[in-house]
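Sequential numbering from 18 applies to the sequence shown in our numbering. A virtual CB, placed ideally from N, CA and C, is assigned to each residue, including glycine. Treat the numbers as computed from the prediction; the structure is a model and nothing was measured. Worksheet: the structure to be examined is printed underneath.
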Amino acid sequence: MLLRKLAAAIVAALAVLGVQAVTAAPATAAPRILYYDASQAQEFRAVVTQGAQIWNSRVANVRLEPVPAGRTPNIRVYADNGWPRAYTSSLGNGSWYMGRQAVNQGYYQPRIAAHEFGHLLGLPDRRTGLCADLMSGSSAPVSCTNPNPNAREATTVNNNFATAVTARPQTFTWAGAAA
Ligand SMILES: [Zn+2]
């Protein structure tokens with residue numbers, strides 16, 4: 018609400034200055050396509066696809082697609098025995114790991130996959146402990162089976178790809194010490 022009022026105030030101020038401002042228009046451009054390569058995700062290939070589809074069903078400005086043959090992927094997905102984690106080189110580019118340490122503790126696999134894709138889409142960890150938040154990651158109970166971004170998380174991703182914000186290289190780890 019506060020943001021809306023602030024935005025309205027800015028638009029009003031710009032109007033006074035004779036500047037035309039576009040207010041929160043929905044993006045009409047084609048979504049940005051990010052290609053992911055799940056070929057090295059071992060037993061998790063299907064859940065990687067599921068994580069991509071979750072995002073595709075909830076955001077309009079970016080799409081996660083399996084990488085076609087002969088094309089360099091934006092995102093490579095791996096699997097190992099550590100914590101799930103993501104390495105971003107820039108917005109939409111990098112890699113993430115499906116880590117068996119979390120899987121073996123019982124964390125819900127589609128939630129892990131969607132969460133790690135979330136980092137590649139520009140979302141940081143927010144360890145709120147809430148199952149309703151996708152980016153709360155391991156701070157939500159192991160029993161949490163919500164694999165979906167909340168409205169704020171989806172909006173942030175849409176905004177990231179509407180405005181092409183830059184993201185500095187970062188590493189995010191599901192739990193424990195940074196990898
Ligand atoms: Zn995370």
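Give the single residue among the options whose Cα lies nearest to the Cα of residue i.
i, options, result
"Asn121", "Ser160, Leu138 and Pro141", "Ser160"
"Ala77", "Ser56, Gly68, Asp54 and Ala171", "Ala171"
"Thr188", "Gln126, Pro158 and Ser106", "Ser106"
"Arg102", "Thr89, Ile92, Leu108 and Gly116", "Gly116"
"Arg75", "Pro186, Val174 and Arg185", "Val174"
"Trp100", "Trp113, Arg80, Ala63 and Leu137", "Trp113"
Using a Cβ-Cβ cutoff of less than 7 Å, which residues in the same chain neighbour residue i once the five nearest sequence positions on both sides are dropped?
i, result
"Asp142", "Met152, Gly154 and Phe189"
"Val39", "Note that Val39 scores a pLDDT of 47, beneath 50, so its modelled location is shaky; the value from the coordinates is reported in the next line. Nothing meets the Cβ criterion."
For the beta strand (DSSP E) containing residue i, name the first residue and the last one.
i, result
"Thr105", "Arg102 to Ser107"
"Arg80", "Val79 to Pro83"
Is it right to say residue i is buried, meaning 16 or more other beta carbons lie within 10 angstroms of its own, or is it exposed?
i, result
"Asn98", "exposed"
"Pro164", "buried"
"Glu60", "exposed"
With a threshold of 8 Å, establish whether the CB of residue i neighbours any heavy atom of ligand 1.
i, result
"Arg49", "no"
"Phe134", "no"
"Gly154", "yes"
"Thr190", "yes"
"Arg102", "yes"
"Asp142", "yes"
By Cβ distance below 8 Å, which residues in the same chain neighbour residue i in space, the five residues on each side in sequence not counted?
i, result
"Gln57", "Arg93, Val94, Tyr95 and Ala96"
Which same chain residues end up closer than 6 Å to residue i when comparing Cβ atoms and leaving out the 5 residues on each side of it in sequence?
i, result
"Phe178", "Arg49, Asn78 and Val79"
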